[in-house]
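S.K.: Quick note, the sequences are listed as chains A, B, C, D and E, same order. What the first sequence shows, in this note's numbering, is residues 101 to 353, in sequence order. What the second sequence shows, in this note's numbering, is residues 101 to 353, in sequence order. What the third sequence shows, in this note's numbering, is residues 101 to 353, in sequence order. What the fourth sequence shows, in this note's numbering, is residues 101 to 353, in sequence order. What the fifth sequence shows, in this note's numbering, is residues 101 to 353, in sequence order.
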Amino acid sequence: MDLATLIGIVVAFGVIIGSIALGGSAGIFINVPSLIIVVGGTFAVTLMQVSLKQFLGSFKVAMKAFMNKVSDPEVLIDEAVELADTARKEGLLALEGRKISDPFLQDGIRMCIDGHASDIIYKMLSKEINLELERQKTGAKMFKAIGDSAPAMGMIGTLIGLVQMLSNMSDPKSIGPAMAVALLTTLYGAVIANAVALPIAEKLNGLSSAETLNKKLILESISAIQEGTNPRILKQMLVAYLPEEKRNNNKKK
Amino acid sequence: MDLATLIGIVVAFGVIIGSIALGGSAGIFINVPSLIIVVGGTFAVTLMQVSLKQFLGSFKVAMKAFMNKVSDPEVLIDEAVELADTARKEGLLALEGRKISDPFLQDGIRMCIDGHASDIIYKMLSKEINLELERQKTGAKMFKAIGDSAPAMGMIGTLIGLVQMLSNMSDPKSIGPAMAVALLTTLYGAVIANAVALPIAEKLNGLSSAETLNKKLILESISAIQEGTNPRILKQMLVAYLPEEKRNNNKKK
Amino acid sequence: MDLATLIGIVVAFGVIIGSIALGGSAGIFINVPSLIIVVGGTFAVTLMQVSLKQFLGSFKVAMKAFMNKVSDPEVLIDEAVELADTARKEGLLALEGRKISDPFLQDGIRMCIDGHASDIIYKMLSKEINLELERQKTGAKMFKAIGDSAPAMGMIGTLIGLVQMLSNMSDPKSIGPAMAVALLTTLYGAVIANAVALPIAEKLNGLSSAETLNKKLILESISAIQEGTNPRILKQMLVAYLPEEKRNNNKKK
Amino acid sequence: MDLATLIGIVVAFGVIIGSIALGGSAGIFINVPSLIIVVGGTFAVTLMQVSLKQFLGSFKVAMKAFMNKVSDPEVLIDEAVELADTARKEGLLALEGRKISDPFLQDGIRMCIDGHASDIIYKMLSKEINLELERQKTGAKMFKAIGDSAPAMGMIGTLIGLVQMLSNMSDPKSIGPAMAVALLTTLYGAVIANAVALPIAEKLNGLSSAETLNKKLILESISAIQEGTNPRILKQMLVAYLPEEKRNNNKKK
Amino acid sequence: MDLATLIGIVVAFGVIIGSIALGGSAGIFINVPSLIIVVGGTFAVTLMQVSLKQFLGSFKVAMKAFMNKVSDPEVLIDEAVELADTARKEGLLALEGRKISDPFLQDGIRMCIDGHASDIIYKMLSKEINLELERQKTGAKMFKAIGDSAPAMGMIGTLIGLVQMLSNMSDPKSIGPAMAVALLTTLYGAVIANAVALPIAEKLNGLSSAETLNKKLILESISAIQEGTNPRILKQMLVAYLPEEKRNNNKKK
């Protein structure tokens, strides 16, 4: 589990809140109606773009960004090479019942054991990869939608505040505080978009790319295992999935 | 029918109107000339980009965003598996007269019964999918055009108001209210774009993707049915169209 | 001929001018030096991006946006089906001298009569479609360039005005009117971009897509006619080019 | 040679300078430190993105935008048809020593004379086209980078000026002129980007597209010449590279 | 090693700092809380989008932008031609133990010596190119993320400062300096984005393109060497990777 997203959001809010506290009167930064128009408006506008099910599922998707569970490609390579070794020495059926950590790799191996033709396995797993990628993009897109709507709702809130302030300027002393309140919605919108929604969307996209790459590595491994490729050659083929520096470590092992 | 878009637009406007009402004098937010320049201008500029027929058809397209009628892929899979079962046991002709819920699936099955070659059916249905996707994109693009024009017309309105105000500043008391009125067009433009047009455009795009995915599922089913694929294998193939969690439920059945 | 673009531009300018007139002193909105910097600058900057020939040809291209002459796909389908019927009953040569409304369809039929091989006809017409699409994109791109330059020149004009005003603020009364004049270039730029150039660019792109789709329909028809396809099947194939609702009307006929 | 870019830049600067001169005190628009931060900063930031060689070569690339030397496709078609005629009547070797205006066409013809296989010639020339296109894109990208950096450096300069002005407001009379100076960098940035760099980038892209199209025309001609295609048919094939109106002129000849 | 990026960043900061120093009181431009919110916030938000490992590795990636070590294609061509010459005269095995400057070329030659089939070598090296390109894009993307976050955090800081200032305007004299401080975060954000992060991201992308092109050149060379292509013809093939002017020099040699 990678803590980067959690650390990032805690530090980001720490810095923002610290900078507010430093100014003394932190209370002026909390305004319930402003919060309602930005948060409520953003959620409402995002809800318009999706189905109820997708909307309610978004919290679960967001959790995924905080709990980075993408398998390490090095581990996958080692596991695939071991499987290839067993399959070569004792036949594909020897892999039956074997404990495999990655569910996608397990699915593929099970298909091999079931005796499906290699081109059918390849086609089915490829389709699985593409469709899963599509589903993950939908999750990231919802956070992108939140990140696009929040500043817009913030601006709408500020415009409402400005119109109210400008149409009633009898008391010059009230202008400053009224404008401060009007600007709060813009601030809320900017924080929600830039310190919450857009980074989560980006993170989900990144996770999704890493997972897809892992799945392509697995797909290649499965084809090789089924064809009875030499495990040494398989390792040489898969090493391209690692960056230069990790590759050297891997060779030493 | 999914109510997300309807709930979303009601809540969004509720939040905006509530926030205006809270300020007391809601009347200052209604200005007929400002409304005419933003709404009229936006419609005029959008009309420039399309044909009269497309423009008048846009209300019907918008209704589609509110009445989400995309078939559930689980239901489609069950139906396709049943059809495959019948076709395998009693032949393709046994599907004649069978009630099929999805019109695209029905068209495909009818083509199979009519005895067209499988590659011709595949080509015709694929073309149908692509052309329908193209048509749906045109609908979404019109709402995108509205969403792009509304803030521009809002800015034009505000600039006109500012020029009028600035060129006649004899009475300092009138500056505030005059500027409030000038800002109204920007507010109208922002609301039309961000709380109406752009979310509808996004929703239409989402619906269109979901429909296209369903049609690809159907296309795959039809090819399998025509080839007399084992219904159990067909189910295994189609399950990739479902997210992980639904897949498990589906297996239990 | 579709009047949408013409009606749109008239209404858009009507709304803008009406909103100016409502404010009383419409005269302040006309400032010749401001007009020269925005209009002249925009044209100059656009001219930099193209050749003289393209620039001078742009007015002709703009006229195209106002005179929508894209053939109705229904009419094309009917004509293609008729031609297929004749070709099937009396041979391809019977189409010689036949009056054909669409020039692209006519070119294709002439090639068939001339006895070219079907794959050569397909390749030549496909290339023709792609190259024509490329040429039309160039036209739309020039209006996009105008739409991008106009607000930039408007901003440059406003900055010049502001610098002049700010560096000479001896008379406080002159500040308002000076700033009003400075804002005029921004207003001109916004109107040229959003109510003229960008919608025309969008319209040209839309026309171009519709024409390309028609040409693909024709390409498919010509291949079918040359192969002597059954007119009933050709109609079934081409009907995919129509939206659902038109398709039903077409079936009833 | 097409003078559009030269005329365009002269008129654009004429309009801007004229509009400044009209205001009287043109001197206030020249501020050496402001010029240094915008021009120097923009060049420095652009230099960061490329290699020294690319940076120094950019002036040569810019000259290309002003000296439009793209061959006229009509001339190329006539030349190709003549070559095809000679090759058909007297054999490919008769083209040896023949003066050919376009270097790319000459290269291709030389390859034919050297007796390379047609698929190798096709592959080598295609690669040449793609790699040259890639190189030209790099040139245009540098001017795009200048056009993106200049407004950013302008904004940085204005922010520096504003901070200096705001932190020292003891003399109210100095506020106006100080702000005028602060705005100058924004103005410089906007002029460099919108009246120089971005139009040149766009022009280079346009030239590059036109050249690539010409090269595709030549590639097609060379294949046809090598295969001994009938010159009349070659002309019919190449005419698709011309717009409708030029095509008619070409037919009459 | 190309110094462009190093020179660029030094000049950019020199110009910015010089322009600040010119204004006299450079001290007002340093504000530690403002620095913390922009720098800390930007790093935190960027950290949210990646894994800890990627984040910590970013400094190493940034160094790459400053130490341009992309091989010169001319040198690669000369080396490849020499290798082809040896391989043709003395056989592939004669290349064993030969010192080769480029590691990717060396890997490919080793594969040839090991006797792998040419299509397998081609496939493995192509995959290596694509995966390496993907990894390099991830590095550039992180600097793009920094460049997108910094202005956003700058704006958030300015909004916080404005709200604090507006809600407490009892002392008119403090307004100017308070606003100056509020603007500092916007300035910091603009400098970080436009003079550091975005140019580095662009540079990394450029390096990555140049490296990929070199690798494609090597891939082509290796295929040719394995097939025993004539070195003179290989040179002719590879020369397309050089711009026109270098090509002539190369021919003279």
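All C-beta atoms, glycine included, are put in the ideal place defined by N, C-alpha and C.
Identify whether A/Lys353 lies in helix, strand or coil by the three-state DSSP scheme.
M.R.: Its pLDDT being 40, under 50, A/Lys353 is placed unreliably by the model, and the measurement read from it follows with that caveat. Correct three-state label for A/Lys353: coil.
S.K.: Would A/Gly257 and A/Ile137 qualify as a contact pair, given that the criterion is a beta-carbon distance under 8 Å?
M.R.: A contact, by the Cβ cut-off of 8 Å.
S.K.: Closest to B/Ser158 by C-alpha separation, out of B/Thr238, B/Glu344, B/Tyr222, B/Ala217, would be which residue?
M.R.: The residue with the shortest Cα to Cα distance from B/Ser158 is B/Thr238.
S.K.: Could you tell me if C/Ala121 is buried or exposed, where buried requires 16 or more neighbouring beta carbons within 10 angstroms of its beta carbon?
M.R.: Label assigned to C/Ala121: exposed.
S.K.: Using a Cβ-Cβ cut-off of 8 Å, state whether D/Glu302 counts as contacting chain C.
M.R.: D/Glu302 counts as touching chain C.
S.K.: On the three-state DSSP scale, how would you describe A/Asp248?
M.R.: In this structure, A/Asp248 counts as helix in the three-state DSSP scheme.
S.K.: By how many angstroms is the C-alpha of E/Gly247 removed from the C-alpha of D/Gly328?
M.R.: Those two C-alpha atoms are separated by around 57 Å.
S.K.: Considering just the uninterrupted stretch of the alpha helix (DSSP H) at B/Arg198, what are its terminal residues?
M.R.: From DSSP, B/Arg198 is part of no alpha helix (DSSP H); its letter is neither H nor E.
S.K.: Can you name the residues of chain C whose CB is closer than 8 Å to the CB of D/Tyr341?
M.R.: Simply Leu231.
S.K.: With respect to the alpha helix (DSSP H) encompassing E/Val170, which residues constitute its N-terminal and C-terminal limits?
M.R.: No alpha helix (DSSP H) holds E/Val170; DSSP gives it neither H nor E.
S.K.: Could you tell me the distance, in whole angstroms, from the CA atom of D/Phe143 to the CA atom of D/Ile260?
M.R.: Distance between the alpha carbons of D/Phe143 and D/Ile260 is about 19 Å.
S.K.: Closer than 6 Å by C-beta to D/Val132: which residues in its own chain qualify, once you throw out the five before and the five after it? Chain order, please.
M.R.: Within the same chain, D/Val132 has no close Cβ partners at all.
S.K.: By the criterion of Cβ-Cβ separation under 7 Å, what are the contact partners of D/Gly140 in chain E?
M.R.: What D/Gly140 touches in chain E: Val111, Val115.
S.K.: Just to confirm, are D/Leu319 and D/Ile229 a CB contact at a threshold of 8 Å?
M.R.: Taking 8 Å as the Cβ cut-off, D/Leu319 and D/Ile229 qualify as a contacting pair.
S.K.: Given 8 Å as the limit, is there contact between the region 144-151 of chain B and the region 106-118 of chain C, that is, 3 or more CB pairs closer than that?
M.R.: In short, these stretches touch, since the Cβ pair count reaches three.
S.K.: Identify, in the order they occur along the chain, each residue of the same chain with its Cβ nearer than 7 Å to the Cβ of E/Glu311, setting aside the five sequence neighbours on each side.
M.R.: Correct list, in chain order: Val170.
S.K.: Taking the alpha-carbon positions, what's the D/Arg188 to D/Pro331 distance?
M.R.: The straight-line gap from Cα to Cα measures roughly 8 Å.
S.K.: Is it the case that the region 178-198 of chain C contacts the region 206-218 of chain C, given that we only count it when at least three CB pairs across the two stretches are under 8 Å?
M.R.: The region 206-218 of chain C is in contact with the region 178-198 of chain C.
S.K.: Smallest Cα separation from B/Lys370: which of B/Ser218, B/Glu179, B/Ala162, B/Gly191?
M.R.: What the structure shows of chain B is the stretch from 101 to 353, and residue 370 of chain B is not part of that stretch, so it cannot be assessed.
S.K.: Roughly how many whole angstroms lie between the Cα atoms of B/Met242 and B/Gly289?
M.R.: The alpha-carbon atoms of B/Met242 and B/Gly289 are separated by roughly 16 Å.
S.K.: Which same chain residues end up closer than 6 Å to E/Lys351 when comparing Cβ atoms and leaving out the 5 residues on each side of it in sequence?
M.R.: Interpretation of E/Lys351 is limited by its pLDDT of 48, a score under 50 that renders its predicted location unreliable; the figure taken from the coordinates is listed afterwards. Nothing meets the Cβ criterion.
S.K.: Who are E/Asp102's beta bridge partners in DSSP?
M.R.: In DSSP, E/Asp102 forms a bridge with E/Asn168.
S.K.: With burial defined as no fewer than 16 other Cβ atoms inside 10 Å of the residue's Cβ, what is the status of A/Val219: buried or exposed?
M.R.: According to the sequence shown, residue 219 of chain A is Asp rather than Val. Exposed: under 16 other Cβ atoms inside 10 Å.
S.K.: Within 10 angstroms of the Cβ of B/Leu304, are there 16 or more other Cβ atoms? Answer buried if so, exposed if not.
M.R.: Burial call: buried.
S.K.: In whole angstroms, what separates the C-alpha of C/Ala297 from that of E/Met163?
M.R.: Distance between the alpha carbons of C/Ala297 and E/Met163: 45 Å.
S.K.: Taking E/Ser356 as part of the alpha helix (DSSP H), name the residues at either end of that continuous run.
M.R.: Coverage of chain E is limited to positions 101 through 353, which leaves residue 356 of chain E absent and any answer about it impossible.
S.K.: Quick one: does D/Glu190 have its CB under 8 Å from some CB of chain E?
M.R.: Chain E contact via Cβ: absent.
S.K.: Under 8 Å, do E/Met255 and A/Gly276 count as touching if we go by C-beta distance?
M.R.: Not in contact: E/Met255 and A/Gly276 (Cβ atoms no closer than 8 Å).
S.K.: So, are the CB atoms of E/Pro203 and E/Asn314 less than 8 Å apart?
M.R.: No, these two residues do not count as a Cβ contact at 8 Å.
S.K.: Measure the alpha-carbon distance for A/Leu233 versus A/Glu302 and round it to whole angstroms.
M.R.: Each residue's Cα considered, the two are about 14 Å apart.
S.K.: What residues in its chain sit with their C-beta under 6 Å from that of A/Gly104, if we drop five residues either side in the sequence?
M.R.: Note that residue 104 of chain A corresponds to Ala in the displayed sequence, not to Gly. For A/Ala104, where only same-chain residues beyond five positions count, there are no Cβ hits under 6 Å.
S.K.: So with CB distances below 7 Å, who are the chain E contacts of D/Arg235?
M.R.: The answer, in chain order, is Pro343.
S.K.: Skipping 5 residues on each side, what residues in its chain have a beta carbon closer than 6 Å to that of D/Leu231?
M.R.: Correct list: empty, nothing qualifies.
S.K.: 8 Å is my cut-off, CB to CB: does E/Leu183 come that close to chain A?
M.R.: Not closer than 8 Å to any Cβ of chain A, the Cβ of E/Leu183 fails to qualify, so no.
S.K.: What does D/Ile107 reach in chain C if we use C-beta pairs closer than 7 Å?
M.R.: Here the neighbours are Leu147.
S.K.: Going by C-alpha distance, which of D/Leu205, D/Ser125, D/Ile177 is nearest D/Gln336?
M.R.: Measuring from the Cα of D/Gln336, the nearest candidate turns out to be D/Ile177.
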